[in-house]
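Encoded as structure tokens, the structure appears first; notes follow it.
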Amino acid sequence: MKFVAVTSCPTGIAHTYMAAENLEQFGKAAGHDVQVETQGSAGSVPLSDDVIAAADGVIFAADLPVKGKERFAGKPFVDVGVKKAVHDGPGVIAAAVEAVESGGGASLEHIDAAGAEVKAAGASSTAAPGTKATGGQSVASRIKQYLMTGVSYMIPFVAAGGIMIAISFMLGGYKISTTTAADVINTFSPFSVQSWAGLFFVTGGAAFGFLVPVLSGFIAFAIADRPGIAPGFVGGTLAVATGAGFLGGLATGFIGGFIALYFSRLNVPKSIRGVMPVVVIPLIATFLTGLIMLIILGKPIKWLMDSLSSALLGMTGTAAIALGAILGLMMGFDLGGPINKVAYTFAITGLSAVALDESGANDPRLQIMAAVMAAGMTPPLGLALATVLRKRLFTEPEIENGKAAWILGASFITEGAIPFAAAAPLRVIPATMVGSAVTGALVMAFGNTLRAPHGGIWVVALISNPFLYLLAVAIGMVITAFGVVFLKGLGSKASAKAPSGVPVNA
Amino acid sequence: MTDLITPELVALDLVATDKADATRQLAKKLQAAGRVTDLEGFLADVAAREAQMATGMPGGIGLPHARSEHVTVPTLGLARVPGGVDFGAPDGPATLVFLIAAPAGGGSEHLTILAALARRLVRPAFRQTIIDAADEAAVASYVQSEVGS
């Protein structure tokens, strides 16, 4: 087998090198190739990426925090301390061999908190090189790393799916949203713009279907490594099925991940250790996640949606501007989740009723539709603007996502804001809520109406007073952007005061 | 570059009551050679390092060491202790004591030499050659040739 190892000790002149020599010599004696990075005071020559990639396992014989630990993410490892490597080279090599053979990322000596964190840090940095791996030990920074891992894997789906849906609206108008895969298969014609629009819509919709499962699945992966994948993805899919949206997906990611982590830390007989990560843990953790999602969380979410719907219906007499603000708050809260959906469904229901009544052009139900769409456009637009205004508050993948968010927001694809909201819900959601509420209220005040259920700026022809409408959207966008910048600024100041984490690369 | 070790820094038949005594006797040789400026200060630094983790190594080696501002050049003091002196190694007392003195600032060239030395220590042939050496000069020249420079 091939191993890579890191050795270090407090003084950095003796144990570091003795441990390194021991591991190399005893590794060779046992027929293994061991390459050591000595993080001592003579300066360390980093292991090359190729060597790390080729390694079957990792040996940490380090009494100091390992520099660049995230480079070894995902590989089986043993963490033994430098003394053991000096005194018992053969034992360490044997433990490392056993760790590789038992599979998974489990350490035989102990899986400590730092180990779990490595996986999180590593997963996010391999997924997105720009993601900051802070390496700090605090609970908050670890949660942040879990979230960023999920978000960085989700962004490709948001961008690909969202832009394809936007193109479909651009080409085919809002009516394209009734297209199904069967329609495309049966009627596709390369000379019909509608056909191409339908193809874009169905493909983009399929990509969007992965959004919450991928978010949930990779949060769980960051927490528990491979055993977290199944419970995370299944939990995310159930979050979609129960209408719990991305907030539900965040919950299932953490639930599935920590259940999987709990079981992978159990001390089990050696005979079944091999099947734990591939069979037993995914089975148990997935079942428990499903149980929690469907039985414990499903009912309250349904109840919440039902009571919000009836509350909205009871507000028919409410002043139009207040109703617009409330709908805006709902649109901006969970960005495609249950509360957003209630507001949107409320608007759509009104729209279809208007079509049946053949009522006048200024029907309030058409205004509600206009307000809901505008309020759903501001979150991605506002965040896109924020990434331009204050780059340093965002990670590199977020800045990239910000570019797609312009198109998504303009096309009323509120989900474009989810990557930002999932990474820092408490800093982003209040801002998107306020921005959307202002826009919703303004649209009601301006009296804009909309006869399409979807489409963003691509259905601007179906909006009355489009100039005022776009003004309302722009105001909400700016408010959202400034809100996010303000809230994120508070956060970054607070974290600057906290004791700084371990340097990843010194 | 100054040699890491010279014959004056080698003691062939050291008798020591404990590891502090062995370390002190070697440190005095370093002081006499002008490589340690303040004996007590240097010993305090070594003791501080020793308190973190015992430096008894497998194969009968005691390895007191420190980076200290009282050290002028990277230096190795070496003692054969036929009677053995306990350095806290699990496999018994040390019969070879290596006192490594590194300057606090220390360029990495010097430290590379010490790194090479540390790597040699785990090799049985290296230890055996020192044990079998005829005199101080033989020990010093062998060690010096092994760690290069």
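Those protein sequences? They're chains H and S, same order as listed. Mapped onto the working numbering, the consecutive letters of the first sequence carry residue numbers 1142 to 1647. Mapped onto the working numbering, the consecutive letters of the second sequence carry residue numbers 260 to 408. Think of the CB as a built atom: it goes at the ideal place given N, C-alpha and C, for glycine as much as any other residue.
Hey, is ILE390 of chain S's beta-carbon within less than 9 Å of any beta-carbon in chain H?
With a threshold of 9 Å between beta carbons, ILE390 of chain S makes no contact with chain H.
Cα-Cα separation, THR334 of chain S to PRO1560 of chain H
Approximately 57 Å between the Cα atoms of the pair.
Chain H contact for THR296 of chain S (CB, 9 Å cutoff)
False, the Cβ-Cβ gap to chain H never drops below 9 Å.
Please confirm whether THR282 of chain S has its beta-carbon closer than 9 Å to some beta-carbon of chain H.
No - not a single Cβ of chain H is within 9 Å of the one on THR282 of chain S.
Step through the CB atoms of chain H and report whether any lies within less than 9 Å of the CB of ILE264 of chain S.
no
List the endpoints of the continuous beta strand (DSSP E) containing PRO383 of chain S.
For PRO383 of chain S, no beta strand (DSSP E) segment is defined; the enclosing uninterrupted segment is the alpha helix (DSSP H) at 383–391.
In the segment 1341–1397 of chain H, which residue ranges form an unbroken alpha helix (DSSP H) of at least 4 residues, counting only runs that do not cross its ends?
1352–1365 and 1370–1382
Tell me the DSSP bridge mates of GLU1178 of chain H?
H:VAL1147
Straight-line gap, LEU1424 of chain H to PRO1217 of chain H (C-alpha atoms, nearest Å):
22 Å
For ILE1326 of chain H, three-class secondary structure by DSSP:
Collapsing the DSSP output to three states places ILE1326 of chain H in a helix.
Count the C-beta pairs between the segment 341–357 of chain S and the segment 303–318 of chain S that are closer than 8 Å, then say yes if the count reaches three, no if not.
yes
Tell me the DSSP bridge mates of THR334 of chain S?
S:ALA360
For GLY1581 of chain H, report the span of its alpha helix (DSSP H) as first-last.
1566–1587
With a floor of 4 residues, list each alpha helix (DSSP H) that falls wholly inside the segment 1515–1572 of chain H, ordered by position along the chain.
1537–1551 and 1559–1564
Bounding residues of the beta strand (DSSP E) (the contiguous stretch that carries ARG326 of chain S):
324–327
DSSP-derived helix/strand/coil call for MET1456 of chain H:
coil
For ALA1338 of chain H, which residues in the same chain have their Cβ closer than 6 Å to its Cβ, ignoring the five residues on either side in sequence?
SER1309, LEU1312, GLY1313 and ILE1317
So, is the C-beta of GLN403 of chain S closer than 9 Å to a C-beta in chain H?
no
Is any beta-carbon of chain H found at less than 9 Å from that of ASP350 of chain S?
Any Cβ of chain H closer than 9 Å to the Cβ of ASP350 of chain S would place that residue at the interface, and such an atom is present.
Taking a Cβ distance cut-off of 9 Å, strictly less, list which residues of the segment 340–364 of chain S are near chain H, in chain order.
Within the segment 340–364 of chain S, the residues whose Cβ lies closer than 9 Å to any Cβ of chain H are, in chain order, ALA348, PRO349, ASP350, PHE357, ILE359 and ALA361.
Using the DSSP secondary-structure output, state which residues sit across from LEU1591 of chain H in a beta bridge.
H:ILE1604
Between ALA393 of chain S and chain H, is the shortest Cβ-Cβ distance under 9 Å, so that the two count as touching?
no
Determine the chain S residues that contact PRO1538 of chain H at a beta-carbon separation under 8 Å, and present them in chain order.
Going along chain S, no residue has its Cβ under 8 Å from PRO1538 of chain H, so there is no contact; the nearest lies around 37 Å.
Taking 8 Å as the threshold, find out whether the segment 1606–1620 of chain H comes into contact with the segment 1475–1494 of chain H through three or more Cβ pairs.
no
Use the C-beta contact count for LYS1169 of chain H: other C-beta atoms within 10 angstroms, 16 or more gives buried, fewer gives exposed.
Here LYS1169 of chain H is exposed, its C-beta having fewer than 16 other C-beta atoms within 10 Å.
Taking only three categories from DSSP, how would you classify ASP394 of chain S?
coil
Could you tell me whether the segment 320–336 of chain S touches the segment 298–306 of chain S, where touching means 3 or more Cβ pairs closer than 8 Å?
Flag = yes, the segment 320–336 of chain S and the segment 298–306 of chain S touch.
Helix, strand or coil, according to DSSP, for VAL344 of chain S in the structure here?
Under the three-state reduction of DSSP, VAL344 of chain S is assigned to strand.
Could you list the residues in the segment 1147–1164 of chain H with a C-beta less than 9 Å from some C-beta on chain S, going in chain order?
CYS1150, PRO1151, THR1152, GLY1153, ILE1154, ALA1155, HIS1156, THR1157, TYR1158, MET1159, ALA1160, ALA1161, GLU1162 and ASN1163
How about LEU380 of chain S: is its C-beta nearer than 9 Å to some C-beta of chain H?
Judged by the 9 Å Cβ criterion, LEU380 of chain S is in contact with chain H.
If I follow the unbroken alpha helix (DSSP H) through VAL1223 of chain H, where does it start and stop?
1223–1228
Stretch-stretch touch, CB-based, cutoff 8 Å, three pairs: the segment 1529–1544 of chain H with the segment 1576–1588 of chain H:
With the cut-off at 8 Å, the segment 1529–1544 of chain H and the segment 1576–1588 of chain H do not touch.
Spatial neighbours of ILE1154 of chain H within its chain, please: C-beta separation below 7 Å, excluding the five flanking residues on both sides.
GLY1181 and SER1182
May I ask you to list the residues that DSSP assigns as paired with LEU355 of chain S?
S:ILE320 and S:ARG339.
Can you tell me whether DSSP reads ALA1203 of chain H as helix, strand or coil?
DSSP places ALA1203 of chain H in strand when its eight states are reduced to three.
When Cβ atoms are compared, which residues of the segment 1201–1235 of chain H fall closer than 7 Å to chain S?
Flagged, chain order: LYS1224, VAL1227 and HIS1228.
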